[in-house]
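Q: So the protein sequences, as listed, match chains A, B, C and D.
Numbering-wise, numbering that gives the first Met the number 0 puts 4 at position 5 of the first sequence, and it's gapless, one number per residue.
Numbering-wise, numbering that gives the first Met the number 0 puts 6 at position 7 of the second sequence, and it's gapless, one number per residue.
Numbering-wise, numbering that gives the first Met the number 0 puts 396 at position 397 of the third sequence, and it's gapless, one number per residue.
Numbering-wise, numbering that gives the first Met the number 0 puts 161 at position 162 of the fourth sequence, and it's gapless, one number per residue.
Built from N, CA and C at the ideal position, the CB exists for glycine as well.
Model, not experiment: these values are computed from the prediction.
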Amino acid sequence: MARVCFSSAQQQLTGVAECDIAAADYRQLLGAIAQRFPRLDMAELQKMAIAIDGEIIHEPLLESLAEHSEVHFLHFIAGG
Amino acid sequence: MAVVAYNAPQSVEEAIDLLATLSATSAATSAATSSATSAATSLATSTTRARLMAGGTDLIIQTKSQSTEPVLVVDLKHIAEMMSCDLGAAGLSLGPSMCCAEFTAQAGVRDVYPGLVEAADLIGSTQVQGRASIGGNLCNSSPAADTIPALIAVGAQCLIVSAKGERTVAVEDFVTGVGRNCLQPGELLKRILIHRPAAGSRDAYLRFIPRTEMDIAVAGAGVSVTLDQQGICTAARVAIGAVAPTALLVAQAAAALVGTRLDEAAVAAAGAAAAAAASPITDRRGTADYRRQIVAVLVKRATNIAKQRAQASL
Amino acid sequence: MSEAQNFKYIGRNTIRPDGFDKVTGRANYGADLTLPGMLWGKILRSPHAHANIKRLDTSKAEALAGVHAVATFADFSAVGDEAIEGGEGSSTLLDLARNILARDKVLYHGHAVVAIAAKTAAIAEQALALVEIDYEILTPVLDVRTAMAADAPLLHNDLYTQNGADKATTPSNVAARHEFKMGDVAAGFAAAEIIVEREFYTPTAHQGYIEPHACTVRFDKDGQSMVWCSTQGHFDVRASTARLLGMELGKLKVIASEIGGGFGGKTTVYLEPVALILSRKSGRPVKMVMNRDEVFKATGPGSASRSWIKLGAKKDGTITAMQGSLAYEAGAFKGSPVMMGCMTAFTPYAVPNMLIEGFDVVVNKAKVAAYRAPGAPQAEFAVEMLVNELALKLGRDPIDLRLQNAAKEGTQTIYGPKLKRVGLVECLEAARDSKHYQQALAANQGRGVAAGFWFNVGGQSSVTINMNPDGTGTIVEGSPDIGGSRASMQMMAAEALGIAPALLKPIIGDTENVAFSAGTGGSRTTFATGMAVIEAAEDVVRQMKQRAASMWNVTAEQVDWVDGVAVNTAGEDRLSLASICAGADRTGGQISGRGNINARGAGPSFAVHVCDVAVDQETGKVDIVRYTAVQDAGKAIHPAYVEGQFQGGAVQGIGWALNEEYVYGASGLLENAGFLDYRIPVASDLPMIDAIIVEVPNNFHPYGVRGVGESGIIPPLAAVGYAVENAIGAAVTDLPLSPPRVLQLVQDRG
Amino acid sequence: MAKLHISTSINGEATEFLCEPHATLLDVLRNDLQLTGTKEGCGSGDCGACSVTVDGRLTCACLVLGVEAQGREIGTIEGVGSSDKLSVIQEKFLEHAALQCGICTPGLIVSTQALLQQNPDPSEEQARYFLAGNLCRCTGYDKIIRAVLDAAATLRAEQQGAA
């Protein structure tokens, strides 16, 4: 079970701040989120970076998740 | 304004000749040429305006602006007489085109006219001082010019020549408005003349800028005071810059100093008089109100510096 | 990585490999390329802040002898309203096109309208004067308060506020509202025994790089087009230029010239697509160079901001709640970094209850660009000022109070994840223990302390290391070297290969000779491109071992690599890197290593600054008397350049705090578009800047690197701001602290 | 506009060029003579990136007309050091990491050379004021000033050694 935490904006659509989702990797996670929270804009979500246990990953497509991973979706940060 | 021609006269006479020809050309739209000026005038059209260039630090930037008015640049740096500086018993006779860096390095001038040297030292960067001149600063006639209040404070006179002869004008009367002065077509500022100050008489110049360098004065103050052996101020000149369309000689400020020991109250009164005489504007470099306050502070501080110098010269 | 790594080259102050070219004037920057038959391109810009273009006639200009091509927005007519990937400034391709050549409206003073290419720059300028434009002048909107008012004139009739998942139904100047929260701020404030709050303002400030934007381009109808330009990311220039012109990426080579400063301002395009259109139309190479006036009017700046911040704490110093509302100017098109402001504002603090909202607001000013830790300095300025006020009211030392509440490993951030290991506490301790902080203040002086947080980013970087037969090698990287990064790449490769740095020459490949690399920005280059360099070097080592193994007829696993020498663990054989390279022709050809990565695990770099000022209470002039910048580098690859980043960031921030600001007249015209009146610090304005490098390694980088480019510009605003507040005893709310403003504060204090 | 024929000396080498009366020395150096080491940062004398010497005196090339070069000695960054050896000032800039992007560096080196010719032993304050016309946005000036003072000390030591 990965713990997924939603931002304020996401919570408008999910209704919950966080939830536990059974997923072994990022793609499974997205599939499960899409099913559970149909109002979330998945295209937007896929454009976001994620943080898995605090490690920020810009392109998470191939990432796997550990048993108790904590996942956050983040806006892409570029800096100057 | 676009530079279409360039001429570098080698003598004051040649320069005057050139200017006379050009003003005649301009007035009569004729193509009169003299041998000395044929090169210049053949390039210049009847609408071409002659612009005298000393250091060029203002002129060259001005010529980059969008206006396409054709300009003949008359470079005054090849005239030996305009590039020399003579400090003698009677005072200083300065060639207006000498660059500030050279002027401030002249033997003796810093001792005799410390305020004027301070002002010349403040114009732009080291690089700009390698070009900019006191005469150029004066003839560009910006309200914020640093050397103008300093020149007024020491009672400098402008020696102006033309084909018609010479005339002398006090610096405070030379500048007539923002970017305007009393030079008529065909006239040239030939020398700047300053009497040698007596013992007990010295000047100071201060300006205020937000940084330590590279700014145009938000306000400036040139002060010259004369002290007698008892430390009483017997004469003073207070000039302020960047707080009116032209630098101002403030008689009321001087009056507040004369007869006093330049004590705190007198100096503050001079500052207040200067602020009262100011008619500043608000622009990107400062508000009118701020300028008025600052000029009082500068007059006060410059007076104190001049006082110390005057005491030391006794 | 363990903290006790023993490095052979890392951490030494080597001479930068591009140094010779840069001190001799040989290095070629954006404006330094000339091509045969080249035309000069110039741009006609709006004299108004806000106006409709009623008529645009370029026929007279086109007819002028020597004019070869004219470009207007019509040349972008095929561009659609698609989003541009990447970056926090959510922008669209259409906005980008409309920013570099106005469509039906001009939206700021200096907005580009027409570009002309001619035989000489003078002819191009003459031609610009022949362009006829009828403007219908509109009321300009010049600050967020005016822009957010219900009856404000609209910049765009089709801009609707995006508020989280909701979108407004009536247009406004507010492009977006963002919100971040955690815990319960109401409960947090209820638990507080002391509350401080204030509104703050920061002005529009420009990056102020000394090199103006410049490019030279050649559009070849049949083959490869070329753009030479000064940019922080030539792959990004290629992407946006190709999309604007409808070109294939493979047909457009972008060469990054040496770059004369960027600070985020050279992460977007202004000239390149326009020059390429002019070249396409004229069939000639075209060079375009901005002048300084254009740079100030139409590129960059960082957002002006208005912010309200409220903090609550207990008497023992525990901060219980932090709340804020930020409004940032985006300029003429949406995309201010206000979200970054929201995400960074409170992050130096471990506080359970936080709530912050941010508004992205369009105004009639140049579209903002990234500026060093984009969005963070404005927001953190406000918070740090109040933390200092809190310390004063609690009678606490400001560093001590920060230590009590400092974010550390495991601290929950408002933007999502918990922090991994960070060095804020170490930075605070180093600042506290510095000689500077121990020194007492003189009369008329004040001291300010401030912390700063920036994420630092990773992302894509590609590197190839090509070895030569004599054992030298070339490191081909895709990250423009804006501040000496070649030296760091050289050292990291040398460390991984075990050979002397001088044997390796780092070069910046163009878009054709190295694979995609994200731009130099986000403090990512030494971190991410450094990782790619290490990966490429390790690839070289792996191949070296294979070649040695094949020579010795053992397996690669039986070969060790020690200090640049292959060691046969099954015998006495040794082969140096140079000898393997020399024999590479017989073992399979010359060796290249490759490191194409999308770097993850970027680690924040916290900074803590201490500033002492002296204030002239009669004129309001502030002098910086002493300044110390402390920052966590993770690992300083080249300590002198790391210090340089701290010092440079500090001084840019000092400029922002003291004198830098865009000055607009009532009609919205920019009045100080030049270095004379946009006052960046000069040498005589400053003391030496003491730099203290803290090294708390980022364990995601092989050598512990965090990246140091940006955090250093965050603390100065409040360090200077509070130092002034401390010196004059009056509350500071607005920057810059220019002499008139400080004098006013002194006088209002009474 | 007729071009004027100018004979001058650049870094000690007799040089001729044709230039229009409006062209600045900076335009001529960069565009006609391909001496692009002199940089343009502002075109108005406010940044110092185009610092050169004219008859030994430091100035901004953007504030000089090309025609004014007639008969003068122009010094640019290309004339600093020799083809096989950097000058002490150049070496010290590298040793002290006194440059980041490097765009202001040629101007600063030309200015520093002028400073040390005029004042071989400048104080920190003197160096800062002399160089105030050379803007640098990357370094915060700290390492530049250190490089300048170290170059001055090194040159003085060399001078003493030679004497």
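(1) Could you have a look at Q746 of chain C and say whether DSSP puts it in helix, strand or coil?
(2) Nearest chain C C-beta to T138 of chain D closer than 7 Å, yes or no?
(3) How would you write the range of the alpha helix (DSSP H) that E428 of chain C sits in, first residue to last?
(4) Residues in the segment 217-230 of chain C with C-beta within 7 Å of chain D's C-beta atoms, listed in sequence order?
(5) What's the C-alpha gap between G222 of chain C and A514 of chain C?
(6) Taking the continuous alpha helix (DSSP H) assigned at A726 of chain C, which residues delimit it?
(7) Does any residue of chain B bring its CB to less than 7 Å from the CB of A59 of chain D?
(8) How about A218 of chain B: is its C-beta nearer than 7 Å to some C-beta of chain D?
(9) Output needed for A100 of chain B: all residues of its chain with C-beta closer than 8 Å, excluding positions within five of it in sequence on either side, in chain order.
(10) Is the separation between the beta-carbon of I49 of chain A and that of V70 of chain A shorter than 7 Å?
(11) Enumerate, from N- to C-terminal direction, the unbroken beta strand (DSSP E) stretches of 3 or more residues contained entirely within the segment 584-629 of chain C.
(12) Following the continuous alpha helix (DSSP H) through E171 of chain B, name the residue where it begins and the one where it ends.
(13) Using 8 Å for Cβ pairs, my map puts D509 of chain C next to H700 of chain C. What's the rounded Cβ distance?
(14) Alpha carbon to alpha carbon, how far is A297 of chain C from A167 of chain C? Give it in angstroms, no decimals.
(15) Which same chain residues, not among the five before or five after R29 of chain D, have their C-beta less than 8 Å away from its C-beta?
(16) Between which residues of its own chain and Q158 of chain D is the CB-CB distance below 8 Å, once the five residues before and five after are set aside?
(17) For a quick check, are the C-beta atoms of P211 of chain C and V294 of chain C less than 7 Å apart?
(18) Of all the CB atoms in chain A, is at least one closer than 7 Å to the CB of V686 of chain C?
(19) So, is the C-beta of F16 of chain D closer than 7 Å to a C-beta in chain C?
(20) Please name the residue, chosen from B:I60, B:A1 and B:G240, that lies closest to A49 of chain B on a Cα-to-Cα basis.
(21) Within 10 angstroms of the Cβ of L93 of chain D, are there 16 or more other Cβ atoms? Answer buried if so, exposed if not.
(22) Helix, strand or coil, according to DSSP, for E87 of chain C in the structure here?
(23) Could you check which residue in C:I533, C:P714 and C:G749 has the C-alpha nearest to that of M384 of chain C?
(24) How long is the line joining the alpha carbons of G94 of chain B and A682 of chain C, rounded to whole angstroms?
(25) Is L247 of chain B closer than 7 Å to I239 of chain B when the C-beta atoms are compared?
(26) Quick check on DSSP: helix, strand or coil for H212 of chain C?
(27) Who are the neighbours of E824 of chain C on chain B, taking C-beta pairs under 8 Å?
(28) Is the Cβ-Cβ distance between A429 of chain C and V693 of chain C less than 7 Å?
(29) Name, going along the chain, the residues of the segment 69-93 of chain D whose beta-carbon falls closer than 9 Å to a beta-carbon of chain C.
(30) With contact counted as at least three CB pairs below 8 Å, one residue from each stretch, are the segment 141-160 of chain C and the segment 268-285 of chain C in contact?
(31) Which chain A residues sit within Cβ distance under 7 Å of P373 of chain C?
(32) In three-state DSSP terms, what is S110 of chain D?
(33) Does DSSP put S312 of chain B in a helix, in a strand, or in coil?
(34) Distance cutoff 7 Å, beta carbons only. Does Y370 of chain C sit that close to anything in chain A?
(35) Spatial neighbours of I108 of chain D within its chain, please: C-beta separation below 7 Å, excluding the five flanking residues on both sides.
(36) Taking R236 of chain B and A254 of chain B to be in contact with their CB atoms under 8 Å, please state how far apart those CB atoms are, rounded to whole angstroms.
A: Working from what's here:
(1) helix
(2) yes
(3) L423 to D432
(4) none
(5) 20 Å
(6) P714 to I727
(7) The sequence shown places Cys at residue 59 of chain D, rather than the Ala named in the question. Answer yes: the Cβ-Cβ gap between C59 of chain D and chain B drops below 7 Å somewhere.
(8) no
(9) T125, Q128 and G129
(10) yes
(11) 591-598 and 606-614
(12) V170 to F173
(13) At roughly 27 Å, the Cβ-Cβ gap does not stay under 8 Å, so D509 of chain C and H700 of chain C are not in contact.
(14) 30 Å
(15) T35, T37 and E39
(16) P119
(17) yes
(18) The displayed chain sequence assigns Pro, not Val, to residue 686 of chain C. With 7 Å as the cut-off, P686 of chain C does not count as an interface residue toward chain A.
(19) no
(20) B:A1
(21) buried
(22) With a pLDDT of only 47 at E87 of chain C, under the threshold of 50, the placement of this residue in the model should not be trusted; the figure read from the coordinates follows. Looking at E87 of chain C - three-state DSSP - the assignment turns out to be coil, as it is neither helix nor strand.
(23) C:P714
(24) 32 Å
(25) yes
(26) coil
(27) Residue numbering for chain C in the displayed model covers 0 to 749; residue 824 of chain C lies beyond these limits and cannot be assessed.
(28) yes
(29) T75, I76, E77, V79, G80, L85, S86, I88, Q89, E90, F92 and L93
(30) no
(31) G78 and G79
(32) helix
(33) helix
(34) yes
(35) I76, V79, I88, Q89 and F92
(36) Contact flag wrong, Cβ pair sits at about 11 Å.
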